[in-house]
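Same order as they appear, the protein sequences are chains A and F.
Per the numbering used here, the very first residue in the first sequence carries number 1; after that it's consecutive.
Per the numbering used here, the very first residue in the second sequence carries number 1; after that it's consecutive.
Cβ coordinates follow ideal geometry from the N, Cα and C atoms, glycine included.
Quantities reported herein were computed from a predicted structural model and do not represent experimental measurements.
What follows is one structure encoded as structure tokens, with my remarks underneath.
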Amino acid sequence: MHTEFLMGNAAIAMGAVAAGLNLISGYPGTPSTEVLETVAKRRPEDVYVEWSVNEKAALELAAGGAYSGARTMVTMKQVGLNVASDPLMSLAYVGVKGGMVIMVADDPGPISSQTEQDTRHFAAFSKLPCFDPTSVQEAYNMIQDAFAYSEKYGTPVLFRPTTRVCHGYASIFVKDPEEYLKNTPEGFIKDSSKWVIFPRLSYNNHIKIEERNEGLREEFSSYPGNSITGNSHSKKGIATHGISYTYVMDALDKHTDVKILKVATPFPFPERLAVEFLAGLDEVLCIEELDPIIERELTYICGKYGLHVKIRGKLSHDVKPAGENTCGCVAENLHLFLGTEIPKGVTRDEPPALPVRPPVLCAGCPHRASFFAVKEAMKVKKTAFCGDIGCYTLGNAMPLDMVDTCLCMGAGVNITQGIGKIEPDTTCFAFVGDSTFFAAAITGVVNAVYNQADMTLIVLDNSTTAMTGHQPHPGTGRTMMGEIVEKIDIEAVLHGIGVKTVETVDPLDLKSSVDCVKRVSAQKGVKAIIFRSPCAVLIKSAMPVKIDDSKCVQCKKCIRTLGCPGIVLENGKVKIENSLCTGCKLCTQVCPTGAITGGEGNE
Amino acid sequence: MNKNILLCGVGGQGIVLTSKLIATASMAKNIPVMSAETIGMAQKGGSVFSYLRMGENIYSPMFSQGTADLIIGFEPAEAVRMLPYLKSDGTVILNSHPIMPVTAALSGGSYNGEEMIDYLKANVKDICIFDADKACKKIGSPKVLNMLMLGAAVTRGCLPFTMEEIKTAVINTVNPKFFDLNSAALDEAQGLIK
Ligand code: SF4
Ligand code: SF4
Numbered sequence: 001m002h003t004e005f006l007m008g009n010a011a012i013a014m015g016a017v018a019a020g021l022n023l024i025s026g027y028p029g030t031p032s033t034e035v036l037e038t039v040a041k042r043r044p045e046d047v048y049v050e051w052s053v054n055e056k057a058a059l060e061l062a063a064g065g066a067y068s069g070a071r072t073m074v075t076m077k078q079v080g081l082n083v084a085s086d087p088l089m090s091l092a093y094v095g096v097k098g099g100m101v102i103m104v105a106d107d108p109g110p111i112s113s114q115t116e117q118d119t120r121h122f123a124a125f126s127k128l129p130c131f132d133p134t135s136v137q138e139a140y141n142m143i144q145d146a147f148a149y150s151e152k153y154g155t156p157v158l159f160r161p162t163t164r165v166c167h168g169y170a171s172i173f174v175k176d177p178e179e180y181l182k183n184t185p186e187g188f189i190k191d192s193s194k195w196v197i198f199p200r201l202s203y204n205n206h207i208k209i210e211e212r213n214e215g216l217r218e219e220f221s222s223y224p225g226n227s228i229t230g231n232s233h234s235k236k237g238i239a240t241h242g243i244s245y246t247y248v249m250d251a252l253d254k255h256t257d258v259k260i261l262k263v264a265t266p267f268p269f270p271e272r273l274a275v276e277f278l279a280g281l282d283e284v285l286c287i288e289e290l291d292p293i294i295e296r297e298l299t300y301i302c303g304k305y306g307l308h309v310k311i312r313g314k315l316s317h318d319v320k321p322a323g324e325n326t327c328g329c330v331a332e333n334l335h336l337f338l339g340t341e342i343p344k345g346v347t348r349d350e351p352p353a354l355p356v357r358p359p360v361l362c363a364g365c366p367h368r369a370s371f372f373a374v375k376e377a378m379k380v381k382k383t384a385f386c387g388d389i390g391c392y393t394l395g396n397a398m399p400l401d402m403v404d405t406c407l408c409m410g411a412g413v414n415i416t417q418g419i420g421k422i423e424p425d426t427t428c429f430a431f432v433g434d435s436t437f438f439a440a441a442i443t444g445v446v447n448a449v450y451n452q453a454d455m456t457l458i459v460l461d462n463s464t465t466a467m468t469g470h471q472p473h474p475g476t477g478r479t480m481m482g483e484i485v486e487k488i489d490i491e492a493v494l495h496g497i498g499v500k501t502v503e504t505v506d507p508l509d510l511k512s513s514v515d516c517v518k519r520v521s522a523q524k525g526v527k528a529i530i531f532r533s534p535c536a537v538l539i540k541s542a543m544p545v546k547i548d549d550s551k552c553v554q555c556k557k558c559i560r561t562l563g564c565p566g567i568v569l570e571n572g573k574v575k576i577e578n579s580l581c582t583g584c585k586l587c588t589q590v591c592p593t594g595a596i597t598g599g600e601g602n603e
Numbered sequence: 001m002n003k004n005i006l007l008c009g010v011g012g013q014g015i016v017l018t019s020k021l022i023a024t025a026s027m028a029k030n031i032p033v034m035s036a037e038t039i040g041m042a043q044k045g046g047s048v049f050s051y052l053r054m055g056e057n058i059y060s061p062m063f064s065q066g067t068a069d070l071i072i073g074f075e076p077a078e079a080v081r082m083l084p085y086l087k088s089d090g091t092v093i094l095n096s097h098p099i100m101p102v103t104a105a106l107s108g109g110s111y112n113g114e115e116m117i118d119y120l121k122a123n124v125k126d127i128c129i130f131d132a133d134k135a136c137k138k139i140g141s142p143k144v145l146n147m148l149m150l151g152a153a154v155t156r157g158c159l160p161f162t163m164e165e166i167k168t169a170v171i172n173t174v175n176p177k178f179f180d181l182n183s184a185a186l187d188e189a190q191g192l193i194k
């Protein structure tokens, strides 16, 4: 045992390694990404690590490993589980042999996600046990328990931290490598009565699952992660979970005159413990993030046992229905509930208006050039620009304003077809990044070709998964095991599907790009343009460009059209911010007087 | 003794590494430590902050408004943004050099750094302001900004560490290639603040 300062996700990774992990797969997504990356960095030699093409593939791969007796983990963010929900639901019936943990990170806020969905619902829906840690240390310990429960019951289990646990850091106690468990997989043993899902098997296993979960409601009542603390004679109780538990504990500080229920296993719910908690209470405040799951369970238990305890929380409008909890709002909830005085804040003068700093595409980002080329080419046309998930969603910001729709991974390519079917006079585009192309857009292109859509697919190929921190993918020719492998060629994939016109162009060559868009989009049917230029963050910058003051007429076209952070205004005059400009030369092709030059050579 | 510290500024200023260094120094003295910071979408030219807590009996890595003992402001407007977190008798260490938002050119909306500094002076009793960007230029690297901020906080006695302890943390955390440069920056801060 020693102490280490670890990020929550790193703690989950190291906890899994300590539990004898054999295989980990996943698809990148904030806030889950660092789990797999940490295993890749610090793995014992015989642990297999991969970024799979998407969450469904990752979950199925991990299931195959667990069928073979391996201890496996699959990682994703909450919306990723939507993609993997098909195998999840069926796997819940079939079960596993080796321990299998499905790590799904939820994102209250949402801080960097499309939805505020609560994976604890997925646990109840799929009938799988679920663990919900409150802190970095608890995440480290609990992931090991999750493996043990999984193997004991032959079922995959869900492990559901939220952003603040995933991305919080703490000095925690961790095991030394000699203390790690070692799991030697027995291998896959054929047994079609176990591994082949049929209605009969599902029926029989459904019965067993209900029995098991009833047992777990009892067993989890003694699980140390679920606890009752505080004053057992109090009339008021607080029920909470996850990071909110830590806000509650900090806010209560020395005021321990309440009873506190901490729920680490939202499903199956620790019923006996909850009954014990409710005994003698008049009312309970449930402090939860995302959905009121504990609140509903407690209300149900009150009904079932005829307890007269008032259950308050989100459903009673005592706690806000959406968004992330903070120390501040939890403290306020507690003071109102307990009737204690809200401490007066520090009073200061009204601050001056603060600058807003919205996220923008980086200086030199090739996506800016791609969007600008399409915008220039389509100036007078009626268009639909269907975007997708990635850095390039930021193409929606002014002045580019080039993302009309964004829904979920791979949706743009199909949405644009739907718009085209209803509005045939609209020139329809779908923009998709290279990683998203492989993860979720290929079947959409098959659909378009088969169903005779009229659309232009734009693949923004920057040869990485930039949004989540530059993970490799099938088109990069690198794997998480460090192998150099053959790249999967996007052109060849598109040709293979039957897209006849596929052109590849460097977006930083503005004229060629605009010409290409005009030429290709004028054709009938499904056609594709691949804008290929590496992510600006990954390549060595060229020298910054220069503005010749004698030529610049201060028309500000460079700023108005591109919105590159590398061009700034200083005392009303345009200026290149040398620390940001990457010398991509896009602005040199936009300036009407040729005032901007340079961008040659390396910095 | 427990301490709540808030580091704030904009992406690329080395805030996350600074908070890691404080954590390393803290662990070397067996003081439990936690932190939380902005990650992801918010990083692209956006505001960045890191909460850091040291001491026993702490549950959450985050803390409430009005409870920070120290704000290390890498940028004036960001320090103003986070000021509600400061205790009434808390300390602010501030880099006076403003960074315009990347969209300022587009909207014409640049802001006035002086106004932010005046506000901070009027509303914080214990404040230490210096131009860390100028000091960076003197040392010859924009990368040492975080060392200057850290050095200033240590010199002011806002952190329970000596300069030697911070240097040990630097040796253990940062690429040794940059140790001399970083060490020079810490010394420079000491000279500037006294
Ligand atoms: S587009 Fe050219 S002329 Fe116009 S402001 Fe920019 S640099 Fe000056
Ligand atoms: S060359 Fe122009 S467009 Fe490219 S990064 Fe520099 S300022 Fe921005």
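Considering only the alpha carbon of each residue, which of the options lies closest to residue i?
i         : options                                       : result
A/Glu-289 : A/Cys-329, A/Thr-479 and A/Phe-429            : A/Cys-329
A/Ala-251 : F/Asp-126, F/Phe-49, F/Ile-117 and F/Asn-57   : F/Asn-57
F/Ser-50  : F/Lys-177, F/Leu-145, F/Ala-36 and F/Met-147  : F/Ala-36
F/Lys-143 : F/Asp-180, F/Tyr-111, F/Asp-126 and F/Thr-38  : F/Asp-180
A/Glu-350 : F/Lys-29, F/Leu-120, F/Lys-20 and F/Asn-2     : F/Leu-120
A/Val-574 : A/Val-553, A/Val-445, A/Pro-292 and A/Lys-585 : A/Val-553
A/Pro-270 : A/His-308, A/Asp-282 and A/Asn-213            : A/Asn-213
A/Val-317 : A/Cys-286, A/Cys-302 and A/Gly-306            : Val is not the amino acid found at residue 317 of chain A; the sequence shown has His there. Closest option to A/His-317, Cα to Cα, is A/Cys-286.
A/Met-103 : A/Ser-68, A/Cys-166, A/Val-47 and A/Pro-110   : A/Cys-166
A/Phe-188 : A/Met-480, A/Thr-443, A/Pro-108 and A/Lys-97  : A/Lys-97
F/Glu-164 : F/Ala-28, F/Val-92 and F/Ser-19               : F/Ala-28
A/Gly-606 : A/Gly-566, A/Trp-51, A/Met-1 and A/Val-35     : The first residue shown for chain A is 1 and the last is 603, placing residue 606 of chain A beyond what the model contains.
A/Glu-615 : A/Ala-19, A/Ala-279 and A/Asp-106             : This structure leaves residue 615 of chain A out entirely; chain A is present only between 1 and 603.
A/Ala-542 : A/Glu-491, A/Glu-295, A/Cys-555 and A/Thr-597 : A/Thr-597
A/Met-249 : F/Ser-64, F/Thr-24 and F/Ile-22               : F/Ser-64
A/Glu-37  : A/Met-100, A/Pro-507 and A/Gln-471            : A/Gln-471
Taking all protein chains shown into account, decide if residue i is buried (16 or more other Cβ within 10 angstroms of its Cβ) or exposed.
i         : result
A/Gly-583 : buried
A/Gly-601 : exposed
F/Ser-26  : buried
F/Met-1   : exposed
A/Lys-375 : buried
A/His-473 : buried
F/Asp-69  : buried
A/Val-505 : buried
A/Ala-148 : exposed
A/Arg-368 : buried
A/Gln-452 : exposed
A/Leu-538 : exposed
Beta-carbon within less than 7 angstroms of residue i's beta-carbon, same chain only, minus the 5 sequence neighbours each way: which residues are those?
i         : result
F/Gly-12  : none
F/Ala-42  : With a pLDDT of 47 at F/Ala-42, under the threshold of 50, the predicted position of this residue should be treated as unreliable, though the coordinate-derived value follows. So the list is empty, once near-sequence residues are dropped.
A/Gly-444 : Gly-410, Val-413 and Asn-414
Who are the Cβ neighbours of residue i in its own chain at under 6 angstroms, not counting the five residues just before and after it?
i         : result
A/Ile-415 : Cys-386 and Thr-405
F/Pro-76  : Pro-98, Gly-113, Met-116 and Ile-117
A/Gly-65  : Leu-23 and Thr-72
Spatial neighbours of residue i within its chain, please: CB distance less than 8 angstroms, with the 5 preceding and 5 following residues excluded, ordered by chain position.
i         : result
A/Thr-436 : Asp-388, Ile-389, Gly-390, Met-409 and Gly-410
A/Lys-235 : Gly-280, Leu-281, Asp-282 and Glu-283
A/His-233 : Gly-280
Taking three-plus beta-carbon pairs below 8 angstroms as touching, is the stretch 4-22 of chain F in contact with the stretch 70-87 of chain F? Because the criterion of three Cβ pairs below 8 angstroms is met, the stretch 4-22 of chain F and the stretch 70-87 of chain F touch.
Ignoring anything shorter than 3 residues or poking outside the stretch 70-121 of chain A, list the beta strand (DSSP E) runs there in chain order. At a cut-off of 3 residues, the continuous stretches assigned as beta strand (DSSP E) that sit fully inside the stretch 70-121 of chain A are 72-77 and 100-105.
Any contact between the stretch 133-141 of chain A and the stretch 231-244 of chain A? By contact I mean 3 or more CB pairs, one from each, below 8 angstroms. Flag = yes, the stretch 133-141 of chain A and the stretch 231-244 of chain A touch.
Tell me whether the stretch 222-230 of chain A and the stretch 257-268 of chain A touch, counting them as touching only if at least three CB pairs, one residue from each stretch, are closer than 8 angstroms. With a cut-off of 8 angstroms on Cβ pairs, the stretch 222-230 of chain A is in contact with the stretch 257-268 of chain A, counting three or more such pairs.
4 or more residues per run - each alpha helix (DSSP H) lying fully within the stretch 434-462 of chain A: Taking only runs of at least 4 residues, the alpha helix (DSSP H) segments lying wholly in the stretch 434-462 of chain A are 442-450.
Jot down the residue ranges of each uninterrupted beta strand (DSSP E) in the stretch 54-98 of chain F, minimum 3 residues, whole runs only, in chain order. Runs of the beta strand (DSSP E) lying entirely within the stretch 54-98 of chain F, each at least 3 residues long, are 68-73 and 86-95 in chain order.
Could you name each continuous alpha helix (DSSP H) segment of 4 residues or more that falls completely within the stretch 403-431 of chain A, going from the start of the chain to the end? Here the runs fully enclosed are 411-422.
Just to confirm the assignment: which complete beta strand (DSSP E) runs, minimum length 3, are found wholly within the stretch 521-553 of chain A? Inside the stretch 521-553 of chain A, DSSP marks whole beta strand (DSSP E) runs of 3 or more residues at positions 526-532 and 545-547, from first to last along the chain.
Note down, one range per segment and in chain order, each beta strand (DSSP E) of at least 3 residues found wholly within the stretch 289-368 of chain A. Fully enclosed beta strand (DSSP E) runs of 3 or longer: 310-312.
Beta strand (DSSP E) runs contained entirely in the stretch 142-209 of chain A, provided each spans 3 or more residues: Runs of the beta strand (DSSP E) spanning 3 or more residues and lying entirely within the stretch 142-209 of chain A occur at 157-159 and 168-174, in chain order.
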